[in-house]
Amino acid sequence: MRAGDLLAAEVRALTGASGMGAVFTPAENAAFAIDFLRKRSVIFRSGVNVIRTTGDSIVIPHMTSDGTAGAIAESASIPLSDPNAEALTATPRKFAQGTAVPNEVLADSKPAALEQLSKSLIASVGLAYDLSALEGNGTAPNVRGLKNVSGIGSVTNGTNGGALTNLDVIADALGMLAEANADDESAVIVMAPRTWRAIMKLKEATGSNKSLIQNSAGSAANGVTRALFGRPVFLSGNLSLTETLGTGTNLSSVYVYVPSELYAVVREDAVFDVNPYIYGDKDQTLVTAKMRADLLVPNPGAVVRISGVA
Numbered sequence: 001m002r003a004g005d006l007l008a009a010e011v012r013a014l015t016g017a018s019g020m021g022a023v024f025t026p027a028e029n030a031a032f033a034i035d036f037l038r039k040r041s042v043i044f045r046s047g048v049n050v051i052r053t054t055g056d057s058i059v060i061p062h063m064t065s066d067g068t069a070g071a072i073a074e075s076a077s078i079p080l081s082d083p084n085a086e087a088l089t090a091t092p093r094k095f096a097q098g099t100a101v102p103n104e105v106l107a108d109s110k111p112a113a114l115e116q117l118s119k120s121l122i123a124s125v126g127l128a129y130d131l132s133a134l135e136g137n138g139t140a141p142n143v144r145g146l147k148n149v150s151g152i153g154s155v156t157n158g159t160n161g162g163a164l165t166n167l168d169v170i171a172d173a174l175g176m177l178a179e180a181n182a183d184d185e186s187a188v189i190v191m192a193p194r195t196w197r198a199i200m201k202l203k204e205a206t207g208s209n210k211s212l213i214q215n216s217a218g219s220a221a222n223g224v225t226r227a228l229f230g231r232p233v234f235l236s237g238n239l240s241l242t243e244t245l246g247t248g249t250n251l252s253s254v255y256v257y258v259p260s261e262l263y264a265v266v267r268e269d270a271v272f273d274v275n276p277y278i279y280g281d282k283d284q285t286l287v288t289a290k291m292r293a294d295l296l297v298p299n300p301g302a303v304v305r306i307s308g309v310a
């Protein structure tokens with residue numbers, strides 16, 4: 001099917017837009033868009049909780065302590081001890097990208113340009129959310145990412161940072177999760193691709209060719225599971241590679257966290273919009289992708305940042 005036929009068959013009016021736009025999101029394509037985003041978003045892929053809201057913000061109650069229980073004698077009065085709670089507010093932020101496409105391209109392209117653009121733009125939106133959810137500063141329109149959540153655990157890779165020579169900092173991060181009563185056994189690890197490359201090159205012993213993380217006898221023909229200490233590793237090309245520590249530069253961070261303790265608050269799933277009118281004088285169609293989401297970390301002890309990794 002040509003792109004022009006696809007546009008004519010599957011575009012519907014944009015709700016509340018006074019007839020000025022159209023949305024390329026028929027019901028049968030909605031699941032495809034979400035699946036595509038999840039494949040490219042480390043935050044979603046890692047298994048965080050997803051809360052959906054229909055408002056511009058949502059208030060979520062959060063228990064901060066359970067109170068105190070203890071042993072008492074038979075028929076004795078039960079002592080009262082109140083748990084404490086707080087209200088957490090999530091404000092979904094918009095992530096979007098658009099491009100103007102000549103109508104000739106939409107009409108003549110094989111494969112259909114709209115299909116290719118939808119994949120590209122939705123992936124881009126997912127990566128933008130990842131960047132903000134991992135390292136955003138929290139100042140609107142940015143999400144407060146893991147890097148800037150107050151109270152998370154911290155491990156530094158030496159005084160001035162550098163390349164990893166062993167996996168001790170990963171072990172330290174997992175140990176900190178356990179000490180914070182977080183479920184460290186279900187933790188995940190997020191790092192830059194260059195960090196994983198360096199880890200794969202670590203050797204089991206001096207003079208050995210066997211990778212430290214290789215289960216087999218050391219044959220290069222055998223694969224390496226993308227996991228450390230039994231916890232899955234996710235790679236994100238969005239992590240900054242220009243952090244500093246002491247005199248060290250061009251460094252990055254590794255994030256170790258428990259997904260069940262993180263909440264992605266989604267106001268609007270990723271949608272692909274088509275507007276053939278706004279650039280009508282240039283015979284172009286505006287295509288955009290957007291989503292609205294926030295990230296909540298009620299229990300900062302479930303997150304550890306390892307800084308200073310070259």
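To convert, note that position 257 of the sequence shown is 257 in the UniProt record's numbering; the numbers rise steadily by one, no gaps. A virtual CB, placed ideally from N, CA and C, is assigned to each residue, including glycine. Here the structure is a predicted model, which is why all the values come from computation and not from measurement.
Checklist line | Among A221, T247 and I213, the one whose alpha carbon lies nearest that of P232 | finding: In the sequence shown, residue 232 corresponds to position 232, counting from 1. Ranking A221, T247 and I213 by Cα distance to P232 puts I213 first.
Check: For the beta strand (DSSP E) that N275 lies in, which residues bound it at each end?
Finding: Mapped onto the sequence shown, residue 275 falls at position 275. Where N275 is concerned, the enclosing beta strand (DSSP E) stretches over Y263 to N275.
Notebook entry, point to check: Which partner residues does I78 have in the DSSP bridge list?
Noted result: The residue you call residue 78 lines up with position 78 of the sequence shown. Under DSSP, I78 forms no beta bridge with any residue.
Checklist line | Straight-line Cα distance separating Y255 from T89 | finding: Mapped onto the sequence shown, residue 89 falls at position 89. Mapped onto the sequence shown, residue 255 falls at position 255. Going by the C-alpha atoms only, they are around 23 Å apart.
Note to self: Measuring straight from C-alpha to C-alpha, what distance separates H62 and P298?
What the structure shows: For this step, residue 62 is matched to residue 62 along the sequence shown. For this step, residue 298 is matched to residue 298 along the sequence shown. So the alpha carbons of these two residues sit roughly 7 Å apart.
Checklist line | Contact check, E243 vs L251, beta carbons under 9 Å | finding: Numbered from its first residue, the sequence shown carries residue 243 at position 243. Numbered from its first residue, the sequence shown carries residue 251 at position 251. Their beta carbons are under 9 Å apart, which means E243 touches L251 by this criterion.
Check: In chain order, which beta strand (DSSP E) runs of at least 3 residues are fully inside the segment 113–199?
Finding: Listed in chain order, they are 153–156 and 188–191.
Check: Once you ignore the five residues that flank M200 on each side, which residues in its own chain have a CB closer than 7 Å to its CB?
Finding: Locating residue 200 in the sequence shown gives position 200, where the first residue counts as 1. Result list for M200: S211, I213 and V224, in chain order.
Note to self: Please report the straight-line C-alpha distance between L235 and L134, rounded to a whole angstrom.
What the structure shows: Looking up residue 235 in the sequence shown gives position 235. Looking up residue 134 in the sequence shown gives position 134. Answer to the nearest angstrom: the Cα atoms are 12 Å apart.
Check: Under 9 Å between the Cβ atoms of L228 and I278?
Finding: If you number the sequence shown from 1, residue 228 lands on position 228. If you number the sequence shown from 1, residue 278 lands on position 278. L228 is not a Cβ neighbour of I278, given a cutoff of 9 Å.
Check: In this structure, does DSSP put E104 in helix, strand or coil?
Finding: Position 104 of the sequence shown, counted from the start, is the residue given in the question as residue 104. In the structure shown, E104 sits in a helix (DSSP, three-state: H, G or I).
Check: From the DSSP output, which residues share a beta bridge with R292?
Finding: As a working mapping, residue 292 is identified with position 292 in the sequence shown. Its beta-bridge partners are K94 and E268.
Next item on the list: Kindly list the residues whose CB is nearer than 7 Å to the CB of D283, restricted to its own chain and excluding five residues on each side of it in sequence; keep chain order.
Entry: Position 283 of the sequence shown holds residue 283. In chain order, P102 and N103 place their CB closer than 7 Å to the CB of D283, counting only its own chain and leaving out the 5 sequence neighbours on each side.
Notebook entry, point to check: A27 by DSSP, collapsed to three states: which one?
Noted result: What you label residue 27 is simply residue 27 of the sequence shown in a count that begins at 1. Bear in mind that the predicted position of A27 carries a pLDDT of just 42, short of 50, making it unreliable; the figure below should be weighed with that in mind. If DSSP states are grouped into helix, strand and coil, A27 belongs with the helices.
Notebook entry, point to check: Between the C-alpha atoms of L164 and M291, what's the straight-line distance to the nearest angstrom?
Noted result: Position 164 of the sequence shown, counted from the first residue, corresponds to residue 164. Position 291 of the sequence shown, counted from the first residue, corresponds to residue 291. C-alpha separation (whole angstroms): 36 Å.
Check: Which two residues bound the contiguous beta strand (DSSP E) that contains I60?
Finding: Numbered from 1 along the sequence shown, position 60 holds the residue referred to as residue 60. From DSSP, the beta strand (DSSP E) with I60 extends over I58 to S65.
Check: Cα separation between D294 and T206?
Finding: Residue mapping note: residue 294 aligns to position 294 of the sequence shown, counting from 1. Residue mapping note: residue 206 aligns to position 206 of the sequence shown, counting from 1. Straight-line spacing of the CA atoms in D294 and T206 works out to 46 Å.
Margin query: Using a 10 Å radius around the Cβ and a threshold of 16 neighbouring Cβ atoms, would you call E28 buried or exposed?
Written below: Mapped onto the sequence shown, residue 28 falls at position 28. Its pLDDT being 46, under 50, E28 is placed unreliably in this model, and the value from its coordinates should be taken loosely. Flag for E28 reads exposed.
Check: Should T195 be labelled buried (16 or more other beta-carbon atoms within 10 Å of its own) or exposed?
Finding: Position 195 of the sequence shown, counting from 1, holds the residue named residue 195. T195 is classed as buried because its beta carbon has at least 16 other beta carbons within 10 Å across all chains shown.
Next item on the list: On the DSSP bridge assignment, give the partners of A227 in chain order.
Entry: For this step, residue 227 is matched to residue 227 along the sequence shown. For A227, the beta-bridge partners assigned by DSSP are P232.
Margin query: If you measure between the beta carbons of R93 and A140, is that distance less than 9 Å?
Written below: For the purposes of this step, residue 93 is taken as residue 93 along the sequence shown, with counting starting at 1. For the purposes of this step, residue 140 is taken as residue 140 along the sequence shown, with counting starting at 1. Going by C-beta atoms, R93 is nearer than 9 Å to A140.
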